[in-house]
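Chains as they are written, first to last, in our numbering: chain A, 62 to 370; chain B, 65 to 491.
Cβ coordinates follow ideal geometry from the N, Cα and C atoms, glycine included.
All values reported here derive from a predicted model rather than from experimental measurement.
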Amino acid sequence: MKWLHKDLLDVSQLSKSEVMAIFETAGRFQELQERPVKKVPTLKGRSVVLFFAEPSTRTKTSFDVAGKRLSADTFSLAKSSSSLTKGESLKDTALTLQAMAPDAIVIRHWCSGAARFLADRLDCAVINAGDGRHAHPTQALLDSFTLHQEWGDVAGKTILILGDIAHSRVARSNVILLNKLGADVRLCAPRTLMPPAVQSWPVTAYSDLNEAVKGVDAVMCLRLQLERQKDGLLPDLREYAQTFGLHQCHVDLANQDVRILHPGPMNRGIEISSDLADSAESLVLDQVSSGVVVRMALLFLYMTRKGEE
Amino acid sequence: MPKIDLILHRAALDGKEVDVFVGKGKIVEIRPSVETLDAGDAQVEEAFGLTLMPSLTDVHVHLREPGYEYKEDVESGLRAAAWGGFGNIMCMANTKPVNDTQSVTDMMLDKARRYWPHGPRLLPIGALTKGLSGKELAPMAELAKAGCVAFSNDGVPVKSTKIFRLAVEYASDWDRVVIDHCEDPYMGVAAGVNEGEVSSRLGLPAQPDIAEALQVARDVLIAEYLDLPIHLAHISCRKSVNIIRSAKARGVKISAETAPHYLIFTEDYLEDPNSEYDTNAKVNPPLRTRDDQAAMIEALNDGTIDCLATDHAPHASYEKETEFDVAPCGITGLDTALSTTWALVKEGVLTRETFIRAWTTAPCGIFNLPVNTFQPGDPADFFLFDEDEEWTVSSQTLYSKGKNTPLLGTSLKGRVKTHFIQGKKVV
Chain A
62 MKWLHKDLLD
72 VSQLSKSEVM
82 AIFETAGRFQ
92 ELQERPVKKV
102 PTLKGRSVVL
112 FFAEPSTRTK
122 TSFDVAGKRL
132 SADTFSLAKS
142 SSSLTKGESL
152 KDTALTLQAM
162 APDAIVIRHW
172 CSGAARFLAD
182 RLDCAVINAG
192 DGRHAHPTQA
202 LLDSFTLHQE
212 WGDVAGKTIL
222 ILGDIAHSRV
232 ARSNVILLNK
242 LGADVRLCAP
252 RTLMPPAVQS
262 WPVTAYSDLN
272 EAVKGVDAVM
282 CLRLQLERQK
292 DGLLPDLREY
302 AQTFGLHQCH
312 VDLANQDVRI
322 LHPGPMNRGI
332 EISSDLADSA
342 ESLVLDQVSS
352 GVVVRMALLF
362 LYMTRKGEE
Chain B
65 MPKIDLILHR
75 AALDGKEVDV
85 FVGKGKIVEI
95 RPSVETLDAG
105 DAQVEEAFGL
115 TLMPSLTDVH
125 VHLREPGYEY
135 KEDVESGLRA
145 AAWGGFGNIM
155 CMANTKPVND
165 TQSVTDMMLD
175 KARRYWPHGP
185 RLLPIGALTK
195 GLSGKELAPM
205 AELAKAGCVA
215 FSNDGVPVKS
225 TKIFRLAVEY
235 ASDWDRVVID
245 HCEDPYMGVA
255 AGVNEGEVSS
265 RLGLPAQPDI
275 AEALQVARDV
285 LIAEYLDLPI
295 HLAHISCRKS
305 VNIIRSAKAR
315 GVKISAETAP
325 HYLIFTEDYL
335 EDPNSEYDTN
345 AKVNPPLRTR
355 DDQAAMIEAL
365 NDGTIDCLAT
375 DHAPHASYEK
385 ETEFDVAPCG
395 ITGLDTALST
405 TWALVKEGVL
415 TRETFIRAWT
425 TAPCGIFNLP
435 VNTFQPGDPA
445 DFFLFDEDEE
455 WTVSSQTLYS
465 KGKNTPLLGT
475 SLKGRVKTHF
485 IQGKKVV
């Protein structure tokens, strides 16, 4: 497939057939994971800047591994080591990066729209690794890829996203992508953690987890930012864990082969019980593996676009 | 009959061709136009094909001097006003230092006189509380004496209802109206985005319309209780309009303004693929929904909203060319307000009467300013306007230092060709 997009800002840019092309490419890279030498020369001589203006361990490492497995040179730039801490604007940081002529920039930033801001100003591919509360397209793609591997097809399945929806870029991108793939999406959160206009989203919203979980095929738990309690959005973490944490009693109400996902890192005992995190139903570690191959597929497609290779 | 200094020849005034005779800065007579004039030694301004309008009054401008001259200064702000058709501009007190002492007011007025001796008139608004802190009343007697025409903490809502009530009472002792920045500060951050579908999809922290309406309701109750006037700044939503309408029906001394950007843009602009996250549309209060936009137009036409004001808020380009969360709120407006709102008249959205009332008689009436109604004795404040001249909004065509407007790149119709204030040509 000839890849025409310059940037990946959100999954809304992708057609269903393009998502399938990503899955197919990721599937091919999966075989590489089994080899003793897990490296191919596909992107040899190309450079990828990992610009993480917000702390991240797993997404950054996942992109780093993905780039290196394709033989790209990866360079890290964190906020603490960049001039952003010296007051440099994002525009100047972007122009400095541009002058170094990378082939792709993977950006994570605390502001919604920051990836678009860079994409409008840079010639190289910009891949959004999470911008503010807006989007986290690679996480959504790896989540759906994980389920796609598990089920063969996501269409027709019912998936519950549980937790802090209001502040979650993971939830926003997953709602868009799962709908695109034909799934029925439910959301569950206290009203204080639900987006104000959720009624306009293509989902069914619940505040009762026992109702929300009935008959679902998968539950995606979201990480709770513990400072939400300080913001006054929750009375206390104990009540949250008891009311909106996922426990075995909820799994019993779901479909028999329910699958549990979590983008990590997990607050065990708060949004998910520790036993469930380690259970047979849990796909948390599969998500990590999927993350590497999906990001390999994305780097490959975005860095070799225009039919260059 | 006084000596005639100036004659406007063949100007189009409300569909008629007229000659306007001016003496000693005032309109002396207006007659149906004649082909050949006996002008004597008066200056004659040929106005054939141009529309004659009274100078506009803007009751809500941020000139940024002192303190932020890189965004705008008195000279550049008055230039933008003159070319924008404004004869009076009232400038807010959120400068650095804040306009809460006579020396700051004096400095502003001195600069205005030095650079623009004949106008546009700069009319300072004094701070309501010292340093805009919301804690201690500003010295309003001193400020009024120095030339402040009103008082406001615009930009920083007064949190204490008690202090606000005292400020309204004290201002009335000096015959000044208080202008309130209508925003409940406890309803979330001033994010520059309306809370709703668009902010939810874009993942931006947002503020709901009730942050404005709650403060409007508070101000209505205070004005009613004290039986004193309060002017409500930059009204942007239907909920506020409904409260104001019912208050006015009861005779509460409330007046209100809205800005052109609430009439021509909605929050949808921010998720349009061509303008997604455009910080030039980040403004406080934020651009609202299409229903709110419709409510503002209805309210202007029926008089619930008394007047228009630009809320001219210039910023440097580098301050706006940044992440949405980081960018300051504000849209520059003095240069574009006439073209955009006159276009609404041409489209039939606003009536001509509404336009004239909203930009001239109503703001002047609320703040006791000189007004030109084209009657003998009125100040000779008017401009000639080519309604058909097209121009493109760009950093080159805006006279303000602030180029921060979502209209950048847009083609507008209508340009001021000549502007007289008190009979003196300023443009």
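Below-8 Å beta-carbon distance, residue i vs any chain B residue
{"i": "Lys-152 (chain A)", "result": "yes"}
{"i": "His-195 (chain A)", "result": "yes"}
{"i": "Gly-174 (chain A)", "result": "yes"}
{"i": "Arg-233 (chain A)", "result": "yes"}
{"i": "Ala-97 (chain A)", "result": "Checking the sequence shown, residue 97 (chain A) turns out to be Pro, not Ala. With 8 Å as the cut-off, Pro-97 (chain A) does not count as an interface residue toward chain B."}
{"i": "Arg-320 (chain A)", "result": "no"}
{"i": "Arg-177 (chain A)", "result": "yes"}
{"i": "Arg-299 (chain A)", "result": "no"}
{"i": "Ser-343 (chain A)", "result": "no"}
{"i": "Ala-258 (chain A)", "result": "yes"}
{"i": "Lys-67 (chain A)", "result": "no"}
{"i": "Arg-252 (chain A)", "result": "no"}
Short CB-CB distance (under 8 Å) between residue i and chain A
{"i": "Tyr-341 (chain B)", "result": "yes"}
{"i": "Leu-472 (chain B)", "result": "no"}
{"i": "Glu-261 (chain B)", "result": "yes"}
{"i": "Tyr-134 (chain B)", "result": "no"}
{"i": "Tyr-289 (chain B)", "result": "no"}
{"i": "Tyr-382 (chain B)", "result": "yes"}
{"i": "Leu-268 (chain B)", "result": "yes"}
{"i": "Phe-388 (chain B)", "result": "yes"}
{"i": "Ser-300 (chain B)", "result": "no"}
Local conformation of residue i per DSSP, three classes
{"i": "Ile-246 (chain B)", "result": "Just to set this straight, residue 246 (chain B) is Cys in the shown sequence, not Ile. Reduced to three states, the DSSP call for Cys-246 (chain B) is coil."}
{"i": "Phe-206 (chain A)", "result": "helix"}
{"i": "Pro-427 (chain B)", "result": "helix"}
{"i": "Gly-195 (chain B)", "result": "helix"}
{"i": "Leu-344 (chain A)", "result": "coil"}
{"i": "Val-138 (chain B)", "result": "helix"}
{"i": "Met-281 (chain A)", "result": "strand"}
{"i": "Glu-369 (chain A)", "result": "Low per-residue confidence applies at Glu-369 (chain A): pLDDT is 47, beneath 50, and the placement is therefore not dependable, though the value from the model is reported in the following sentence. Residue state, collapsed to three classes: coil."}
{"i": "His-325 (chain B)", "result": "helix"}
{"i": "Gly-352 (chain A)", "result": "helix"}
{"i": "Leu-334 (chain B)", "result": "helix"}
{"i": "Ala-210 (chain B)", "result": "helix"}
{"i": "Glu-272 (chain A)", "result": "helix"}
Residues near residue i by beta carbon distance below 8 Å, same chain, minus five either side
{"i": "Gln-94 (chain A)", "result": "Ser-350, Val-353, Val-354"}
{"i": "Arg-119 (chain A)", "result": "Gly-325, Pro-326, Val-349, Gly-352"}
{"i": "Asp-452 (chain B)", "result": "Lys-477, Gly-478"}
{"i": "Gly-193 (chain A)", "result": "His-170, Trp-171, Cys-172, Ser-173, Gly-174, Ala-175, Arg-230"}
{"i": "Lys-199 (chain B)", "result": "Thr-193, Ser-224, Ile-227"}
{"i": "Ser-334 (chain A)", "result": "Gly-306, Leu-307, His-308, Gln-309"}
Host beta strand (DSSP E) of residue i (start-end)
{"i": "Thr-456 (chain B)", "result": "446–456"}
{"i": "Thr-482 (chain B)", "result": "475–485"}
{"i": "Pro-96 (chain B)", "result": "90–96"}
{"i": "Tyr-267 (chain A)", "result": "265–267"}
{"i": "Leu-187 (chain B)", "result": "185–190"}
{"i": "Val-109 (chain A)", "result": "108–113"}
Residue i: first and last residue of the uninterrupted alpha helix (DSSP H) it sits in
{"i": "Asp-122 (chain B)", "result": "Where Asp-122 (chain B) is concerned, there is no enclosing alpha helix (DSSP H), although the beta strand (DSSP E) it sits in stretches over 120–125."}
{"i": "Cys-310 (chain A)", "result": "309–312"}
{"i": "Arg-299 (chain A)", "result": "298–305"}
{"i": "Asn-235 (chain A)", "result": "230–241"}
Integer Cβ distance of residue i from residue j, believed to fall under 8 Å
{"i": "Glu-332 (chain A)", "j": "Gly-306 (chain A)", "result": "6 Å"}
{"i": "Ser-150 (chain A)", "j": "Lys-100 (chain A)", "result": "Actually they are not in contact, since the Cβ atoms of Ser-150 (chain A) and Lys-100 (chain A) sit about 37 Å apart, beyond 8 Å."}
{"i": "Phe-206 (chain A)", "j": "Val-167 (chain A)", "result": "Wrong, their Cβ atoms sit about 18 Å apart, outside the cutoff."}
{"i": "Gly-149 (chain B)", "j": "Phe-449 (chain B)", "result": "7 Å"}
Close beta carbons around residue i, own chain, < 6 Å, minus the five adjacent residues each side
{"i": "Gln-166 (chain B)", "result": "Glu-206, Ala-210"}
{"i": "Leu-72 (chain B)", "result": "Val-84, Glu-109, Ala-111"}
{"i": "Asn-468 (chain B)", "result": "Asn-344, His-379, Lys-384, Thr-396"}
{"i": "Leu-295 (chain A)", "result": "Arg-289, Tyr-301"}
{"i": "Leu-238 (chain A)", "result": "Val-72, Ala-201, Ser-205"}
{"i": "Pro-427 (chain B)", "result": "Thr-121, Val-123, Cys-371"}
{"i": "Glu-129 (chain B)", "result": "Asp-137, Val-138"}
Near the ligand HEM: residue i beta-carbon under 7 Å from a heavy atom
{"i": "Arg-416 (chain B)", "result": "As presented, the structure is devoid of all ligands, the ligand HEM included, so that no description of it is given."}
Cutoff 7 Å; reference residue i; Cβ partners in own chain excluding five residues on either side
{"i": "Ile-307 (chain B)", "result": "Ala-277, Val-280, Ala-281, Val-284"}
{"i": "Leu-179 (chain A)", "result": "Ala-155, Ile-166, Ile-168, Val-187"}
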